[in-house]
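Reviewing the structure listed below.
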Amino acid sequence: MSENTKQSPGTSSSVDQKRPVFYVIAILLPFVLLLILEGLLRISGFGKEYPLFVPSNYSQDYLQPNPEVVKRFFHQPRFAPPVGPDTFLFRKNKDPDSIRIVLMGGSTAAGFPYGRFGSPAGMLNQRIKAQFPNSYVEIISVAMASINSYALLDFVDEVIQIEPDAVLIYAGHNEYLGIMGVGSVYASNGSHAANLLFLKLKEWRIFQLVQSVYYTLFQTSIDVDHSDASRTVMASVAKEKAIAFDSTLFAQGSAQFEQNLMAIQSLLRNAKIPLYLSTIASNEMDLPPFSSSNNPNVEQLIDRAKPRSNRRIIQQGVKLLERGDTSADLAYAVAQAMLDESDERAADFFTLAKDYDLLRFRAPSSFNHIIEEIAEKSSVGSSPTFLVDSEAAIRNDSSGNIIGAQHMLEHLHPTPRGYFLIADSFYRALLANGFFNKLPAARQTISDQKLTEQAWRNMPLSEVDQLVGEYKISTLTSDYPFTNSKINVAAPKSDTPMQKIAKRRVEGEPWITTQQELLVVLQQQNNISEAAKAAGLLYDALPNETEAARVASLLYLEINELGFAEFYARRTLADSIKNKRTNANYYLTLAEVIYKSGDISGAVSILNELLEIEPDNTRAITIKNQLN
Numbered sequence: 000m001s002e003n004t005k006q007s008p009g010t011s012s013s014v015d016q017k018r019p020v021f022y023v024i025a026i027l028l029p030f031v032l033l034l035i036l037e038g039l040l041r042i043s044g045f046g047k048e049y050p051l052f053v054p055s056n057y058s059q060d061y062l063q064p065n066p067e068v069v070k071r072f073f074h075q076p077r078f079a080p081p082v083g084p085d086t087f088l089f090r091k092n093k094d095p096d097s098i099r100i101v102l103m104g105g106s107t108a109a110g111f112p113y114g115r116f117g118s119p120a121g122m123l124n125q126r127i128k129a130q131f132p133n134s135y136v137e138i139i140s141v142a143m144a145s146i147n148s149y150a151l152l153d154f155v156d157e158v159i160q161i162e163p164d165a166v167l168i169y170a171g172h173n174e175y176l177g178i179m180g181v182g183s184v185y186a187s188n189g190s191h192a193a194n195l196l197f198l199k200l201k202e203w204r205i206f207q208l209v210q211s212v213y214y215t216l217f218q219t220s221i222d223v224d225h226s227d228a229s230r231t232v233m234a235s236v237a238k239e240k241a242i243a244f245d246s247t248l249f250a251q252g253s254a255q256f257e258q259n260l261m262a263i264q265s266l267l268r269n270a271k272i273p274l275y276l277s278t279i280a281s282n283e284m285d286l287p288p289f290s291s292s293n294n295p296n297v298e299q300l301i302d303r304a305k306p307r308s309n310r311r312i313i314q315q316g317v318k319l320l321e322r323g324d325t326s327a328d329l330a331y332a333v334a335q336a337m338l339d340e341s342d343e344r345a346a347d348f349f350t351l352a353k354d355y356d357l358l359r360f361r362a363p364s365s366f367n368h369i370i371e372e373i374a375e376k377s378s379v380g381s382s383p384t385f386l387v388d389s390e391a392a393i394r395n396d397s398s399g400n401i402i403g404a405q406h407m408l409e410h411l412h413p414t415p416r417g418y419f420l421i422a423d424s425f426y427r428a429l430l431a432n433g434f435f436n437k438l439p440a441a442r443q444t445i446s447d448q449k450l451t452e453q454a455w456r457n458m459p460l461s462e463v464d465q466l467v468g469e470y471k472i473s474t475l476t477s478d479y480p481f482t483n484s485k486i487n488v489a490a491p492k493s494d495t496p497m498q499k500i501a502k503r504r505v506e507g508e509p510w511i512t513t514q515q516e517l518l519v520v521l522q523q524q525n526n527i528s529e530a531a532k533a534a535g536l537l538y539d540a541l542p543n544e545t546e547a548a549r550v551a552s553l554l555y556l557e558i559n560e561l562g563f564a565e566f567y568a569r570r571t572l573a574d575s576i577k578n579k580r581t582n583a584n585y586y587l588t589l590a591e592v593i594y595k596s597g598d599i600s601g602a603v604s605i606l607n608e609l610l611e612i613e614p615d616n617t618r619a620i621t622i623k624n625q626l627n
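According to numbering that gives the first Met the number 0, the sequence shown is numbered sequentially starting from 0.
Put into structure tokens, the structure is as follows:
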């Protein structure tokens with residue numbers, strides 16, 4: 000070999016050593032470029048994020064659920080349904096002595112049509128205030144219409160970040176026709192894995208850029224547009240209008256519900272946050288199926304039985320259903336006939352009619368079995384899942400254990416009584432599992448039945464709230480799928496003071512404004528119990544409004560509702576101390592409430608606090624001497 004072709008010592012090994020570096024650079028370079036592009040897009044302001052919680056305009060110390068959070072699931076905001084969570088204000092920095100509960104779910108969890116104070120969160124908060132007045136419990140709801148378990152899964156990391164002591168879930172009815180549901184116009188056109196990937200990528204600006212290019216070049220039609228505000232969300236969402244029982248789409252909806260709930264459960268368990276998972280209820284007896292697959296024989300049988308042939312429809316209908324017919328109309332006709340005949344099997348066939356309904360605005364009964372199994376498999380450990388059987392509570396309160404119009408306004412949104420029972424179920428589950436053990440002991444020692452009656456009497460819904468709810472339900476049921484063509488709904492009446500306030504609220508006047516007027520009207524009418532409730536709810540909505548708490552405490556004291564009187568008296572005093580605006584009357588009112596509750600030493604303690612500030616306060620000295 001010539002000298003010119005000889006290899007220099009160490010050349011080969013030097014090249015070999017450099018190759019891995021080249022490979023690493025070649026592999027990492029695309030990722031680095033993508034990160035640079037991502038950064039440039041963010042700096043330029045391209046794209047948008049919709050966090051679950053945003054700073055409140057009310058106070059820099061508070062956060063609230065983002066009213067636009069639903070837009071995070073849509074490339075173009077105008078495609079999103081006009082829904083959002085209610086305004087629940089909570090402290091940005093959690094108080095070490097506070098307890099924080101977060102409620103998640105769809106429109107029922109959100110309290111439709113009554114709003115936050117008719118929701119399970121509002122009802123539960125009212126119950127806790129009365130029973131544990133010397134405590135600070137924050138209940139926050141991120142529930143809203145049209146969302147299902149995909150949204151809940153997407154929210155849960157942000158829920159964990161605000162450090163809840165428990166998460167409550169009431170969900171399942173939107174699994175097929177809600178956002179990303181398998182039968183909805185909001186479906187993502189992908190598998191469960193593809194949907195989960197979308198949830199992970201949707202905040203990336205590069206992903207949003209790709210979406211934008213795709214929709215610009217290839218998307219020629221719009222599935223849904225909410226520019227017609229007169230149409231209800233229900234009238235717009237149904238894409239796969241027929242999802243047969245045990246069909247592929249039916250199985251996909253069930254699978255996504257189970258898998259998403261289990262993923263949520265796992266994330267909460269890792270964060271050591273207990274989950275309270277509720278069964279769900281819907282109208283069985285007083286709402287015929289929306290859509291049914293009927294063959295000619297079934298149609299003929301139902302038509303012939305209508306005059307009053309209960310025996311025929313029961314005998315022949317049961318045979319057809321047992322042979323595998325999946326007609327929802329037939330199952331419903333059989334159930335109605337059994338009801339007339341006092342046949343105990345009626346409940347089973349009403350459930351079957353709901354399960355066979357092709358238009359899936361109500362969850363099938365199998366969803367409650369999924370909920371029960373998930374809770375049962377994780378009922379022990381440091382952060383267990385507790386079953387809350389709201390459906391059983393409503394069923395046990397119903398005639399013949401069949402859920403109907405007594406507890407449901409239409410297909411699945413509860414009446415005030417229905418909402419109360421859901422909240423009561425959550426309350427009892429929290430109580431039974433020791434959740435309230437860290438709170439100061441309840442003062443009230445009356446029976447459980449009396450406590451429940453007291454809670455129902457103090458349900459946080461005014462006549463105005465219920466009038467507004469009636470109008471919303473009339474609007475909902477005037478459109479598809481309750482009618483084939485939209486029916487115009489008359490404007491609310493305005494003959495009485497309550498109707499006038501309700502009408503203005505329907506027309507868009509802010510809740511705070513109308514609630515303040517409601518309080519004035521109720522005081523003028525000398526309706527002390529309702530006025531006390533109205534003042535208390537004003538403070539619950541705006542937690543810095545000390546005067547509203549003060550009014551509530553005095554009104555509740557006047558009617559001897561001592562739990563609420565103490566709660567609002569304590570809030571009045573605590574807020575005044577924090578804002579350095581102490582008032583001797585605040586101490587005296589609280590001392591009076593505590594004394595009337597039977598705690599003399601507690602009342603003396605409050606008086607002593609006042610005397611440390613005002614040693615010469617003659618009223619405090621006189622009352623203390625009387626108590627001693």
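Ideal Cβ placement from N, Cα and C applies to all residues, glycine included.
Within the same chain, and ignoring the five residues on either side of residue 533 in sequence, the residues whose Cβ sits closer than 8 Å to its Cβ are 461, 514, 517, 518, 521. About 19 Å separates the beta carbon of residue 168 from that of residue 83, a gap too long to meet the 8 Å contact definition. In its chain, beyond the 5 residues on either side, 439 have a beta carbon closer than 6 Å to the beta carbon of residue 133. Counting only residues of its own chain and dropping the five nearest sequence neighbours on each side, residue 281 has a CB closer than 8 Å to the CB of 172, 353, 361, 362, 402, 407, 410, 411. Residue 573 and residue 283 have their C-alpha atoms some 48 Å from each other.
Nearest C-alpha to residue 52 among 34, 75, 25, 86: 86.
In the structure shown, the three-state DSSP call for residue 214 is helix. By the neighbour-count criterion, in which 16 or more other beta carbons inside 10 Å mark a residue as buried, residue 214 falls on the exposed side.
Per the DSSP secondary-structure output, residue 90 pairs in a beta bridge with 61. For the pair residue 426 and residue 126, the CB atoms are nearer than the 8 Å cut-off. Between the region 414-421 and the region 294-302, the count of C-beta pairs closer than 8 Å stays below three; the two stretches do not touch. With contacts defined as CB atoms closer than 8 Å, residue 588 and residue 553 qualify as a contacting pair. Residue range 295-304 is occupied by the alpha helix (DSSP H) that includes residue 295. Residue 65 counts as buried, since no fewer than 16 other beta carbons sit within 10 angstroms of its beta carbon. In this structure, DSSP gives residue 535 a helical state, which the three-state scheme calls helix. In the DSSP assignment, residue 373 falls within the unbroken alpha helix (DSSP H) covering 365-376. If you ignore the 5 residues before and after residue 110, its C-beta comes within less than 6 Å of the C-beta of 117, 118, all in its own chain and listed in chain order.
With respect to residue 259, residue 149 sits close: the two C-beta atoms are nearer than 8 Å. Taking C-beta separations shorter than 6 Å and ignoring five residues to either side along the sequence, the partners of residue 286 in its chain run 410, following chain order. Comparing alpha-carbon positions, the option among 311, 358, 320, 56 lying closest to residue 336 turns out to be 311. Runs of alpha helix (DSSP H) with 4 or more residues, each lying fully within the region 371-432, are found at 389-395, 415-431, listed in chain order. Residue 316 is classed as buried because its beta carbon has at least 16 other beta carbons within 10 Å across all chains shown.
CA-CA distance, residue 342 to residue 333, rounds to 10 Å. DSSP lists 140, 167 as the bridge partner or partners of residue 102. In this structure, the beta-carbon distance from residue 583 to residue 593 does not fall below 8 Å. Beta-bridge analysis with DSSP links residue 175 to no other residue.
Comparing alpha-carbon positions, the option among 468, 374, 151, 321 lying closest to residue 273 turns out to be 374. Straight-line spacing of the CA atoms in residue 331 and residue 313 works out to 11 Å. The beta carbon of residue 567 sits closer than 7 Å to the beta carbons of 535, 538, 548, 551, 552, 555 from its chain, once the five residues preceding and following it are set aside; these are given in chain order. Contact between residue 140 and residue 80 fails: their C-beta atoms lie close to 18 Å from each other, not under 8 Å. Listed in chain order, the non-local C-beta contacts of residue 435 below 7 Å within the same chain comprise 131, 429, local neighbours out to five positions each way being set aside.
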